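In our numbering, the protein residues as written are 3 to 453.
Notes for the one structure printed next.
Have a look at this one:
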């Protein structure tokens, strides 16, 4: 019997709460670690640690294949469609793990090879080069996309939410140990790297244990899979079409991720046009507006499994209703926060950054308006993916990202950082409209036959 739409909504709020709680706790523990590090290192040493950490973060983004989205969307099809097949799910998982491993090895090789160039650029010694090369180990251990996908597909967001706090708690313990031992910069670099490795290994272990306990040979799956549905397709046109669709989605998911990462170059574009002080104002505005993204991201990540399940159960009306509810709740919550800043923004800026940053108020408001727009549009991307629209979402990102770069250049030249803030709002508005159109295309292509 099909579940009620209220069940999916209740599960969405529960899962998003788990993710949000984990992110908040993790952020708090990371802040404590940062306080210890800042008070233990000189400004030059802390700057070097920041560059090493940023270098590793960029490398990790390169290794992110978006495989968790593949596991959730294709896994839901394998478990909840009329042609449910456990063997097909196993195929999805094997391919997702392979994608993660290949991307991690490739990114690690890039890190190892680029480390001497980056060290030379900053004028670092062999010691600094070794710190950069250490990040290749972090990247190798970071092939966790498929593990995240398994936990979300099997509705274990409670376990997935432990990853961030566990990593941050491990980091804090290692940072305190390095401080107590007087290990200096190298000790803190090792603490940062090893905590990431430990957290990722824990995540993979939790996913493996969850999958093995769920495995039908142990306790029976939550659906009634039909292995013959897949075995009979081997070598047939249906099996070939499914395989082609999977690999195409994998390429498009990775491409879309790279395009979204490219938006982070906006500070470089702005910094080449306006004075350094105004670039700092814009960076502050983006940082303040990003403070509510943990709430937005929690709902965007938690909603995909339910949307995929509803789509493959041919319940499009329930899917659209869940998208609308998520949009209105998260968007309204963020809009209230933005309204509060509009009233007390000058006071907040003075407390957070000092009176010298009060000229950034208008830019902060533009960026907060963009964040509110992102909150209203957050379920659209997962909804497009759930309807099998990896190519449609890649098209949206492929069009809006270059448009953002061009508009940012022109608006910043004309109106400075306020123009840059307005362009950030324009990006989220155009992305939301384009994603809404792509969702309409996907739903219209398969009319609902069941409520």
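By construction, the Cβ of each residue, glycine as well, lies at the ideal position given by its N, Cα and C atoms.
Predicted, not measured: the structure shown is a model, and the values here were computed from it.
For residue 8, the closest alpha carbon among the candidates 433, 324, 445 is that of 324.
Each of 124, 412, 395 was checked against the Cα of residue 439, and the nearest Cα belongs to 395.
Annotated as distal: residue 140 and residue 209, with beta-carbon spacing of 8 angstroms or more.
DSSP places residue 359 outside any alpha helix (DSSP H), giving it a letter other than H or E. In its chain, beyond the 5 residues on either side, 275 have a beta carbon closer than 7 angstroms to the beta carbon of residue 415. Collapsing the DSSP output to three states places residue 290 in a helix.
Exclusion of the five residues before and after residue 365 leaves 283, 284, 287, 419, 420, 422, 423 as the residues of its chain whose Cβ lies within less than 8 angstroms of its Cβ.
The alpha carbon of residue 295 has as its nearest neighbour, out of 127, 211, 339, 11, the alpha carbon of 339. Between residue 434 and residue 386, the CB-CB gap reaches or exceeds 8 angstroms. In the structure shown, residue 363 falls within a helical segment according to DSSP collapsed to helix, strand and coil.
With contacts defined as CB atoms closer than 8 angstroms, residue 301 and residue 18 qualify as a contacting pair.
DSSP, reduced to helix, strand and coil, places residue 135 within a helical segment of the structure shown. In this structure, residue 441 places its C-beta atom within 8 angstroms of the C-beta atom of residue 389. For residue 311, the enclosing alpha helix (DSSP H) covers residues 295 to 314. In this structure residue 357 is exposed. Its beta-carbon is surrounded by fewer than 16 other beta-carbon atoms within 10 angstroms. In the structure shown, residue 275 adopts coil according to DSSP, grouped into three states. Apart from the 5 residues on each side of it in sequence, residue 112 sits with its Cβ closer than 8 angstroms to the Cβ of 61, 64 in its chain, given in chain order. Leaving aside the five residues that flank residue 250 on each side, none in its chain has a CB nearer than 6 angstroms to its CB.
At least 8 angstroms separates the beta-carbon of residue 177 from that of residue 345.
Restricting attention to 95, 384, 297, the CA atom closest to the CA of residue 322 is found in 384.
In the displayed model, residue 158 falls within coil according to three-state DSSP, outside both helix and strand. In the assembly as shown, residue 342 is an exposed residue. Its beta-carbon has fewer than 16 other beta-carbons within 10 Å. One Cα belongs to residue 138, the other to residue 123, and the distance between them is close to 19 angstroms.
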